[in-house]
Every structure is written in C-alpha cells, then in structure tokens.
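Participant: Input: one structure, supplied below.
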Amino acid sequence: MSLRDQIAEDLKNAMRAKDGLKLSTLRLVQAAIKDRDIAARAEDRCQGCGEGEIMALLQKLVKQREESAETYEKAGRLDLAERERAEAEIVRAYLPKPMCEQEIEQAAETVVDELGATGLKDMGKCMGTLKQRYTGRMDFSKAGETVKTLLQSRA
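For what it's worth, the UniProt record's numbering labels the leading residue of the sequence shown as 1, then goes sequentially.
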C-alpha cells in the first residue's frame with residue numbers, strides 16, 4: 001500500500017472512530033499532498049508528486065509542529081504545545097525510522113567514495129545523492145556536517 005493510500009485509509013478510520021485530533025491532522029496532511037500534486041501538474045508531471053516528495057513533505061510538517069510547540073511553550077501556552085507535539089507524532093508515524101548518527105556517517109562515507117569527491121566543490125553532488133537515496137530517513141543538517149568534514153579531510 002502506498003503512503004498516499006495509507007493516509008487516506010487512516011483518515012477514514014479516524015472518522016469512524018471519531019478521533020478528532022488524528023482526523024484534523026490527517027486532513028491537513030492530505031491537503032498538503034493535494035497542494036503538491038497541483039504544483040506537480042503545473043510542472044507537467046501528470047501523475048502528481050511521488051513517494052519521495054510526500055516523505056519530504058511529512059518531514060517538513062513534523063519540523064513545523066516541533067517548532068510551533070517550542071514557540072507555544074516559550075509563550076506559556078502548554079495546551080497548544082501539547083497539541084502540536086501530538087500532531088507531530090501522528091505525522092511521524094508515516095515516516096520510516098530515522099537513521100542514527102553512525103548510519104548517517106556510514107552513508108556519507110559511501111556516497112563520497114562512490115562519487116570520488118575530493119573537495120568542498122563536490123558537496124552539492126554528495127548531498128544531492130544522499131537526498132535521493134535517504135529522503136525521509138536522514139537528518140540532512142547532520143549529514144551536511146559529516147560530508148563537509150569528510151571532504152575537508154580529503155582536500
């Protein structure tokens with residue numbers, strides 16, 4: 001079952017169970033996916049956005065929820081912060097298990113070796129390959145630091 005189908009099915013189940021938080025969160029996710037589909041069609045991609053784009057979108061939604069929760073906590077609105085964190089957990093359930101630091105380092109080394117990267121000028125190629133292979137699983141800010149360190153040591 002594709003990610004898009006899984007979200008639609010879970011939306012129906014949340015409606016049946018009258019789970020208001022999950023229902024509203026999944027509706028938000030579906031609306032964001034439909035928005036991306038419309039943008040993809042404008043770029044002559046008639047099938048809409050792919051699984052990789054949906055994964056990236058879900059990561060973005062989780063990050064937004066976490067940032068909002070922090071903002072609400074600083075403002076003393078713990079009730080809203082809790083809701084944001086609950087929404088983030090619902091969305092995070094659709095993402096694959098994130099890679100640990102050791103796995104990120106290993107993947108970065110593999111990509112740098114495969115591409116024969118020798119300096120910082122190859123950083124874009126390395127990061128592009130990592131994003132293509134590990135979208136939805138990798139924290140790319142950590143990966144960027146790792147790739148940069150590797151490339152600096154090889155220069």
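Note that beta-carbon positions come from the ideal geometry of N, C-alpha and C, so glycine has one too. Every value quoted in this text rests on a predicted model; they were computed, and no experiment measured them.
(1) Does DSSP put Ala117 in a helix, in a strand, or in coil?
(2) Could you check the C-alpha separation between Arg27 and Gly50 for me, to the nearest Å?
(3) At a cut of 8 Å, does the region 102-113 reach the region 121-136 through at least three beta carbon pairs?
(4) On the three-state DSSP scale, how would you describe Arg41?
(5) Extract the residue ranges of the alpha helix (DSSP H) inside the region 66-139, only unbroken runs of 4 or more that lie entirely within it.
(6) With C-beta atoms as the reference, is Ala32 less than 7 Å away from Arg65?
(7) Determine the closest residue to Lys97 out of Gly76, Tyr134 and Ala117, with distance taken between C-alpha atoms.
(8) If you follow the alpha helix (DSSP H) that Met15 is in, where does it begin and where does it stop?
(9) So what's Gln47 in DSSP terms, helix, strand or just coil?
(10) Spatial neighbours of Glu114 within its chain, please: CB distance less than 8 Å, with the 5 preceding and 5 following residues excluded, ordered by chain position.
(11) Between the region 38-56 and the region 65-75, do three or more beta carbon pairs fall short of 8 Å?
(12) Heavy atom of the ligand FAD less than 6 Å from the Cβ of Lys142, yes or no?
(13) If we call anything under 7 Å between Cβ atoms a contact, is Val62 one with Val91?
(14) Can you give me the Cβ contacts of Gly20 inside the same chain, cut-off strictly under 8 Å, excluding the 5 residues immediately before and after it?
Facilitator: Taking the structure as given:
(1) Taking the first residue of the sequence shown as position 1, residue 117 is located at position 117. The answer is coil: DSSP assigns Ala117 none of H, G, I, E or B.
(2) By 1-based counting over the sequence shown, the position of residue 27 is 27. By 1-based counting over the sequence shown, the position of residue 50 is 50. Roughly 19 Å separates the two Cα atoms.
(3) yes
(4) What you label residue 41 is simply residue 41 of the sequence shown in a count that begins at 1. Reduced to three states, the DSSP call for Arg41 is helix.
(5) Within the region 66-139, the alpha helix (DSSP H) runs of at least 4 residues that lie entirely inside it are, in chain order, 78-92, 101-115 and 123-134.
(6) In the sequence shown, the residue the question calls residue 32 occupies position 32. In the sequence shown, the residue the question calls residue 65 occupies position 65. For Ala32 and Arg65, no; Cβs fall outside 7 Å.
(7) Against the sequence shown, residue 97 aligns to sequence position 97. Ranking the options by Cα distance to Lys97, first place goes to Tyr134.
(8) As a working note, residue 15 is residue 15 in the sequence shown. Boundaries of the alpha helix (DSSP H) harbouring Met15: Leu3 to Ala17, taken from the DSSP string.
(9) Numbered from 1 along the sequence shown, position 47 holds the residue referred to as residue 47. Under the three-state reduction of DSSP output, Gln47 falls in the coil class, being neither helix nor strand.
(10) For the purposes of this step, residue 114 is taken as the residue at position 114 of the sequence shown. Counting only Cβ-Cβ distances below 8 Å, and skipping sequence neighbours, we find Thr129.
(11) no
(12) As presented, the structure is devoid of all ligands, the ligand FAD included, so that no description of it is given.
(13) The residue you call residue 62 lines up with position 62 of the sequence shown. The residue you call residue 91 lines up with position 91 of the sequence shown. In contact: Val62 and Val91 (Cβ atoms closer than 7 Å).
(14) Sequence index remark: in the sequence shown, residue 20 carries index 20 (1-based). Here the set comprises nothing.
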